[in-house]
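A.B. asks: For reference, the structure I am asking about is given below.
Residue numbers (our numbering), protein chains in the order written: chain X, 1 to 365; chain C, 366 to 730; chain P, 731 to 1095; chain V, 1096 to 1460.
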């Protein structure tokens, strides 16, 4: 029943259900001297927030984060940063219909089996609302990485159901409600999503996250590899069923001559490795893809059982995202930032002992 | 420079390079009373061992494991289990050719940049030899899980380059040098691999691992999810570039009605979730796929740089696996076993507090 | 800058300064099904609260704890429990006098050197106010241990400056403002403390904590011993300079025949070991003493330096405890409870594998 | 059953019983570039080794350490360092007498209750032999701290039974078999120990360890304080029943004016804090005392029970230390070094963010 923490030197611990008084987190390990305020964290929280467009859930959550500690005169002090977001509207609607049954492909069943007790209102701890705190915590990491190291982190939806991004226009990403980088496909996406909503169904998505200008040397060989820790952080996001780095599953059918990233004095000639070699950042861009399953809260009835083990039909009537993958973009960015920040802090102490005598190389994929 | 441990209550810590005196590990947290001997661990070590067939590297490693502690009168005592495998033939061949240059897509470059010092003989800590200790440690977990809980773990190559397994015959897996479950494709694989070896090239592969009869309730919500920890364990295997659970990347284009695993009193009707819901085991079979990249040690020359930053041509002359994915099968099984064992130990204490009042359901995918 | 967490399976992470918006903590790992409410935690918070008597600081802190998550219908769900105590009166008095100087024997100097930035208001993270959250978290552990296992935890001041408790009357402890178990010494203590306050000086104290009815088998050999973890938990309380278990420093001059706790079928004949043998609980009462230094906030001037490295005279004018040891009693009880709870959760999973075939023995020291 | 690791970034994991094939450890996190060989570690191992004098056990252990990994061309590479010491003479004597009974004040009873299984030969995991690996691991930390930071670590017996060191002559410590710093008391110690041995009894001792020239800023506020971690490391040594830092238990009867360490531009005027303020090193010498109990292996019979719960008389016939405190000196030094090394690695990354603008001050106690 533990396990609500991530990171070794930059540690984020979260709490909260969607129907309690508040959700919150503690960010432990942020170095002193970073200028930070709630206003820095709000834009990413707003990107994650439901109700932003027709294509995400219409529930209104007022995701206003409060920083309770760890900041003095506008800067971090090195002390633990406590943050909360109050649940303004936590008065429960009527949950009596779902209280005693298990929605298919939902944490309902496993929570019930594991804990006996279950806060069925809004999914309890499995609620997507929990991810708001990840975004807040990740915002601190993002700001540090950008200001101190020049690391740029961004994410986007690279595929939504059958619709694949074929062009990449970075400036387009924030211009449409899908975080989609291909301006030619926006109309198609809108049509697709309207049909899906009407049908009462949901759809999966692929999210891509990228970190540019990452220092060489982050990650530890063997178990605490950067790619392993990144897989942990990303697979731990609600609804994620797959993670790949660089060429990922395409590697399966690649030959060595095709996959290997040749090097020249001017830099790498490709980035199939996705910026990580032997578990350690190479200085190239870190590139990861996430597969997000379609949500299981559907208006189309499905078979299930209740807590008495009897057969029931389940149908979800509330407001739900037809594609949870869209809102996962800022969450995935946050988890990437948290992972890099942790490894940066683990690594930077090492520099005093090391002089590789070599300037880093590293172009872009 | 730390990070050589995995697991919270069942903790494996490893050490060793291919050219030192020995490699070894400590398995900390195995419960007392398990009958175990080196003979129990040897079969999986032999499955991983190079030189077993034409299609894996011809280096002869005599992977004979010695258990140094933690066993008394044939049974575990609850004390830490120390194990080593001596490097019989650690006298170095001439490494002067690769000492000062970086093989493309290899840990050479990142180790050099991170540590300054580098044991270039056999890849040092990035050597596949390190994985022998994972297999030994995993063997203990496997035996415990099987004997005490009836968990069955197995793995296989589900795709090798362009060749996909279309039939699944479990008994076939150990009958061919590719751990391939489709008896109709063995001849094709042999032809393919011979051509590849002749060419001096390498190829990627996809490995699938399965755990049957897993107890319900393993894994913690939020960060220490079973799927997240499994992703960490599997992505941390050398050459792995992607991990997916259940439907994985197929989820991206699935609709909710297609993806959701409906339930009946007799059990689940499908297993797109791969046995994990909300980060917690559901009692269904856990199914994970791994993408393994083609090795970068090729007889076909490639561009690179040396430690002075100058352009060089690199060619590998030694014996190397044309497909490292094949030998990854027992390693992936071991990492799955270690992860399940750790979560089993974290979970089993919880049962005293919980009575879900429901018998588990759970058929097979 | 990390390090705000304690415990492996029952993990408490805290945040907050005395002059921020709130202090708080996350209790991660409490099993489901425990009835708990803020009202259960308030009595110990009140025992710790300053301003309770003439002999502790007269600052009024309204230590009202709010539970924000992890409780549903009055019971724990197994989810992380977030708690906060708002700082009602965090408007700073004038700190300009101490802003640039270091109080002798205070964390001022080391915080300044370590972090550069320092929240000088009320000591920032070194404030005794932080310990309120430990008491709240410990309250949950205490309740679990008592209800489920019958463990009884209590503490008292066994020595205050030169005044040593010579009689032990448990019912007396909560009847006087010193948590002192010897009713014959209360008048003497009052006289002593009045003189001390008048003088503007402070005094050290020894606190004793006891846990009765502890199950046999808690603690791990070698590093994670119960006594080692207890020493960690207790030495981590503000102002503690020494920790001893059982006979403690008296062991130095004991002979083996004097120290050893002989056993009979009816139980142990003594408890020099303080309930822990080989790092593992024996079933006897766990007994630990803590040495608390006198606070360094004095009305008697002392020499120090300022942040420019110049000589200054320091004098504290505010309200401060003449004996911080008194209020440490509930904190020490909390840390003992947290440590036992963590080891209980680590251990209880082990029982399925073990049948010692022996009933526990264990009388009282 | 886990818990055989210590340290977060400099992590030591140990294994081994006195009657297995070997004992060993893994040192994970040593920075690259440190020159180290077995010869560097042997002197401290020899100081710990039994059979060195009449006053420690006469068992001959040939504590020759082998480094198996992590060193290349005489220097650390940053990889995990595996080390073993073979048990040359592990053939068991006849243990049938103690197999089924519990020695009073020994781990026999708690191991039996916790694990069911017990390696009764030589105490299994509770054997003092385990501490040899701590000394080896600590030797690496000691060398790093000394070479890179100029930290000097030493220890001595400050009290043995009733005999207290009244003079401190550092050069005397290694000149007598008691690690005793007072040359005037050596004759008295010899007489005392001879009488004790003749009597078949044992005696407690107090060990003091000191670290000079420790950098300012090691340790984290709240839970991972340097003093708390040091208490954990030292209390985890076999037979230790108490730990104090600086003035320790003397603080109990000190007034604030007496205890506080005043500061001048030239440095601190006293060191009651033992070099740690608010959990963070102050730059003064770190000074800790340990109380070691008398061993419970005595030639004088005592009452106990057997595994059937029946009353028995226990007497130890083998060779045993009359004062285990003596050999604890190098072990305590090692644990101090390991703790400082871990906090040094956790801290040094922080320097880039911090400029306190103040030169450290710090004289000697």
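Glycine included, each C-beta is placed from N, C-alpha and C at the ideal position. What you are looking at is a predicted structure, and each value in this text was computed from that prediction instead of being measured.
#1: Looking at the unbroken beta strand (DSSP E) that takes in residue 886 of chain P, where does it start and where does it end?
#2: Among the candidates V:1443, V:1427 and V:1409, whose CA atom is the shortest distance from the CA of residue 1194 of chain V?
#3: So residue 137 of chain X is in the alpha helix (DSSP H); what residue range does that whole segment cover?
#4: Measure the Cβ-Cβ separation of residue 219 of chain X and residue 227 of chain X and say whether it is below 9 angstroms.
#5: Got a sec: is the Cβ-Cβ distance from residue 524 of chain C to anything in chain X below 9 angstroms?
#6: So, residue 136 of chain X versus residue 71 of chain X, is the Cβ gap smaller than 9 angstroms?
#7: Going by DSSP, what residues sit across from residue 657 of chain C in a beta bridge?
#8: Starting from residue 449 of chain C, follow its DSSP beta bridges and name the residues at the other end.
#9: With H, G and I counted as helix, E and B as strand and the rest as coil, what does DSSP make of residue 1103 of chain V?
#10: Since residue 1386 of chain V and residue 974 of chain P should fall inside the 8 angstroms C-beta cutoff, what is the C-beta to C-beta distance between them, to a whole number of angstroms?
#11: Thinking C-alpha only, which one of P:1066, P:898 and P:836 is nearest residue 969 of chain P?
#12: Would you call the CB atoms of residue 977 of chain P and residue 1003 of chain P closer than 9 angstroms?
#13: Shortest alpha-carbon distance to residue 1404 of chain V belongs to which of P:1073, P:1075, P:994 and P:1042?
#14: Taking the alpha-carbon positions, what's the residue 1312 of chain V to residue 855 of chain P distance?
#15: Reducing DSSP to helix, strand and coil, say where residue 197 of chain X ends up.
#16: For a test of the three-state rule: what should DSSP assign to residue 766 of chain P, helix, strand or coil?
#17: Quick check on residue 9 of chain X - is its C-beta less than 9 angstroms from some C-beta in chain V?
#18: Can you give the Cα-Cα distance for residue 521 of chain C and residue 207 of chain X, rounded to whole angstroms?
#19: Thinking C-alpha only, which one of C:625, C:644 and C:642 is nearest residue 635 of chain C?
#20: Which residues in the same chain have their Cβ closer than 8 angstroms to the Cβ of residue 896 of chain P, if we skip the five residues on either side of it in sequence?
#21: Measuring CA to CA, which of C:619, C:575, C:658 and C:535 is closest to residue 516 of chain C?
#22: If we define contact as Cβ-Cβ less than 9 angstroms, is residue 945 of chain P a contact residue for chain C?
#23: Any chance the CB of residue 255 of chain X is under 8 angstroms from a heavy atom of the ligand GTP?
#24: According to DSSP, is residue 895 of chain P part of a helix, a strand, or is it coil?
#25: Going along chain C in order, which residues have a C-beta closer than 7 angstroms to the C-beta of residue 1219 of chain V?
#26: For residue 124 of chain X, name the three-state secondary structure that DSSP assigns.
#27: Please determine, among C:443, C:632 and C:523, the residue with the shortest C-alpha to C-alpha distance to residue 710 of chain C.
#28: Using only the alpha-carbon positions, how far apart do residue 1347 of chain V and residue 891 of chain P sit?
#29: Please report the straight-line C-alpha distance between residue 1272 of chain V and residue 1009 of chain P, rounded to a whole angstrom.
#30: What do you get for residue 224 of chain X, buried or exposed, if any count of 16 or more other CB atoms within 10 angstroms of its CB means buried?
#31: I'd like to know whether the C-beta atoms of residue 746 of chain P and residue 753 of chain P end up nearer to each other than 9 angstroms.
#32: Name the chain C residues whose beta carbon is nearer than 7 angstroms to that of residue 1356 of chain V?
#33: If I measure Cβ to Cβ from residue 1101 of chain V and keep anything under 7 angstroms in the same chain, skipping five residues before and after, which residues do I get?
#34: Pick out whichever of X:44, X:41 and X:34 has its Cα sitting closest to the Cα of residue 75 of chain X.
#35: Thinking just about the alpha-carbon of each residue, which of C:712, C:648, C:642 and C:412 is nearest to the one in residue 127 of chain X?
#36: From this set, P:732, P:739 and P:738, which residue's C-alpha is nearest residue 8 of chain X's C-alpha?
C.D. replies: Let's see:
#1: 882-890
#2: V:1409
#3: 131-144
#4: yes
#5: yes
#6: no
#7: C:570 and C:605
#8: C:389 and C:431
#9: coil
#10: 6 angstroms
#11: P:836
#12: yes
#13: P:994
#14: 15 angstroms
#15: helix
#16: coil
#17: yes
#18: 28 angstroms
#19: C:625
#20: 912, 914 and 915
#21: C:575
#22: no
#23: This structure does not include the ligand GTP; it has no bound ligands of any sort.
#24: coil
#25: 442 and 444
#26: helix
#27: C:443
#28: 5 angstroms
#29: 28 angstroms
#30: buried
#31: yes
#32: What residue 1356 of chain V touches in chain C: nothing, since even the nearest Cβ is about 34 angstroms away.
#33: 1107, 1328 and 1433
#34: X:34
#35: C:642
#36: P:732
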